[in-house]
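Peer 1: Numbering of the sequence shown is given in my numbering, commencing with residue 1123 and proceeding in unit increments. C-beta atoms are modelled at their ideal positions from N, C-alpha and C, and glycine is treated no differently. Input: one structure, supplied below.
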Amino acid sequence: FSIAKQRSFLSRMSLRITSKRFKRYVRRLHVVLSLGFSFMVMHKLLGHMSTTDNRDSKVKRKISIDLGGGKCKWTDAVPAGKEHDIYGTLFASYPAAGMRVTWQHTEAISGIQVGDDFHLGGDGAKDKVGLLKTQYPHLEGIWSWGSNMDQVILVIRNPRWAIPSYHSLLYEIHYAHDWETAYEYIDNTFQYRAPFDNWIKWRDYRFDEEIDLWMWHIDFYMEGGTQYWMDLDFERNGQWPFHFLTDTERIGRKDPHCIYDLDCFPKAIVTYEKMINANTGPTELSKI
């Protein structure tokens, strides 16, 4: 996948994007993807790497209290209850866009457990308080909290890393299309990297659509809930007999959840790249 081919590919893609906003996105992506994808494929995804870290999942969720003198106490984060005077906060991101780092940091500084939309990471959405993470409206997320959240924090990661990392997660759960398969292989997540050939095949098949979904995810929240899928497309995957809405069709379309359940416009935006940087991390985390 040479840089020349990337530019040619992105040029063809940009011809199909008529919105001025999307054209600005694509011009930026020309630079990001041309410089990043060749390096990323060789450095990030070449080969298959396993890990010997078989710690229990509960251990991974523990946090520590600094007792001073080099001593600390390991404790579990706890679900938010009525005694916690906080807003119900939704963390929203494209898949593999740094949500793991976000919830780990958030639990560490708050001591409050971060749940998720599939109820796999805690019970944070009860009684209109708590912390919850989701990939909604991407097809990997679901709106499962009703009107029990009060505000949104948007988490963004450079697509040159987010998209291949998303593929690695799919590889780890055997490209599951159903709950049973995904749950069967859930312990594989964050353990392996997809073989090079798997990445190339998936990239060539899904790249166009995932770039769109990455952009539309940002648009959805920054525009207060712009709907890019047809009303009856409950999985929001744009597959036949449905299609993703065109620029014209999206005008004035808003997800009902963002009308009746939650103000989807984010109260803060954090980026994965800044959170993991030693110089910018504390400032970025202070937004949360």
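1. Kindly confirm or deny that the segment 1344 to 1363 and the segment 1376 to 1389 touch, where touching means at least three C-beta pairs closer than 8 angstroms.
2. For residue 1296, I'd like the list of residues in its chain whose CB is within less than 7 angstroms of its CB, leaving aside the five on either flank, ordered along the chain.
3. Measure the C-alpha to C-alpha separation of residue 1238 and residue 1333 and round it to an integer number of angstroms.
4. For the putative contact between residue 1395 and residue 1270, defined by C-beta atoms under 8 angstroms, what is the C-beta separation to the nearest angstrom?
5. For a quick check, are the C-beta atoms of residue 1199 and residue 1284 less than 8 angstroms apart?
6. DSSP beta-bridge partners for residue 1190?
7. When the Cα atoms are used, what is the spatial distance from residue 1286 to residue 1209?
8. Smallest Cα separation from residue 1372: which of 1362, 1390, 1353?
9. Is residue 1215 helix, strand or coil when you go by DSSP?
10. Determine the DSSP secondary structure at residue 1393, reduced to helix, strand or coil.
11. How about the segment 1312 to 1325 and the segment 1251 to 1263: do they share at least three Cβ pairs that are nearer than 8 angstroms?
12. Would you call residue 1408 buried or exposed, if buried means 16 or more other Cβ atoms sit within 10 Å of its Cβ?
13. How about residue 1224 and residue 1274: are their beta carbons less than 8 angstroms apart?
14. Tell me which residue opens and which closes the alpha helix (DSSP H) that residue 1261 is part of.
15. Could you check whether the Cβ of residue 1399 sits closer than 8 angstroms to any Cβ belonging to chain C?
16. What is the DSSP secondary structure of residue 1335, counted as helix, strand or coil?
17. Which of helix, strand or coil does DSSP assign to residue 1234?
18. Quickly, what does DSSP pair residue 1376 with across the bridge? List them, please.
19. What residues in its chain sit with their C-beta under 6 angstroms from that of residue 1364, if we drop five residues either side in the sequence?
20. How about residue 1290 and residue 1328: are their beta carbons less than 8 angstroms apart?
21. Cutting at 6 angstroms between CB atoms, please list the residues of its own chain near residue 1390, excluding the five before and the five after it.
22. Residues bridged to residue 1223 by DSSP?
Peer 2: Considering the structure as presented:
1. yes
2. The residue given as residue 1296 occupies position 174 in the sequence shown. If we look at residue 1296 and ignore the five residues flanking it on each side, its Cβ neighbours are 1303, 1307.
3. By 1-based counting over the sequence shown, the position of residue 1238 is 116. By 1-based counting over the sequence shown, the position of residue 1333 is 211. So the two alpha carbons sit approximately 24 angstroms from each other.
4. One-based indexing of the sequence shown puts residue 1395 at position 273. One-based indexing of the sequence shown puts residue 1270 at position 148. The Cβ separation is near 31 angstroms, so there is no contact.
5. As a working note, residue 1199 is residue 77 in the sequence shown. As a working note, residue 1284 is residue 162 in the sequence shown. It is not a contact, given that the beta carbons lie outside the stated cut-off.
6. Within the sequence shown, residue 1190 is the residue found at index 68, counting from 1. Note: residue 1190 sits in a beta bridge opposite 1193.
7. Here the question's residue 1286 lines up with position 164 in the sequence shown. Here the question's residue 1209 lines up with position 87 in the sequence shown. Straight-line Cα distance between these residues: approximately 33 angstroms.
8. Residue numbering aside, residue 1372 sits at position 250 when the sequence shown is read from its first letter. Nearest neighbour of residue 1372 by Cα position, chosen from 1362, 1390, 1353, turns out to be 1353.
9. Counting from 1 along the sequence shown, the entry for residue 1215 is found at position 93. Correct three-state label for residue 1215: strand.
10. Taking the sequence shown and counting its residues from 1, the one referred to as residue 1393 is at position 271. In the structure shown, residue 1393 sits in a strand (DSSP, three-state: E or B).
11. no
12. Here residue 1408 corresponds to residue number 286 of the sequence shown, with the count starting at 1. Answer is exposed; the Cβ neighbour count stays below 16.
13. As a working mapping, residue 1224 is identified with position 102 in the sequence shown. As a working mapping, residue 1274 is identified with position 152 in the sequence shown. Result no, Cβ atoms of residue 1224 and residue 1274 do not sit closer than 8 angstroms.
14. Counting from one through the sequence shown, the residue named residue 1261 turns up at place 139. No alpha helix (DSSP H) contains residue 1261, which DSSP labels as neither H nor E.
15. The structure shown contains no chain C; it is built from a single protein chain.
16. By one-based count along the sequence shown, residue 1335 stands at place 213. In this structure, residue 1335 counts as helix in the three-state DSSP scheme.
17. Here residue 1234 refers to the residue found at position 112 of the sequence shown. If DSSP states are grouped into helix, strand and coil, residue 1234 belongs with the strands.
18. Here residue 1376 is taken as the residue at index 254 of the sequence shown, counted from 1. In the DSSP output, where bridge partners are listed per residue, residue 1376 has 1348.
19. Walking along the sequence shown from the start, residue 1364 turns up at place 242. Same-chain partners within the cutoff: 1352, 1355.
20. Counting from 1 along the sequence shown, the entry for residue 1290 is found at position 168. Counting from 1 along the sequence shown, the entry for residue 1328 is found at position 206. No, they are not a contact pair.
21. Here residue 1390 corresponds to residue number 268 of the sequence shown, with the count starting at 1. Correct list, in chain order: 1275, 1409.
22. As a position in the sequence shown, residue 1223 is number 101, starting the count at 1. Bridge pairing for residue 1223: absent [DSSP].
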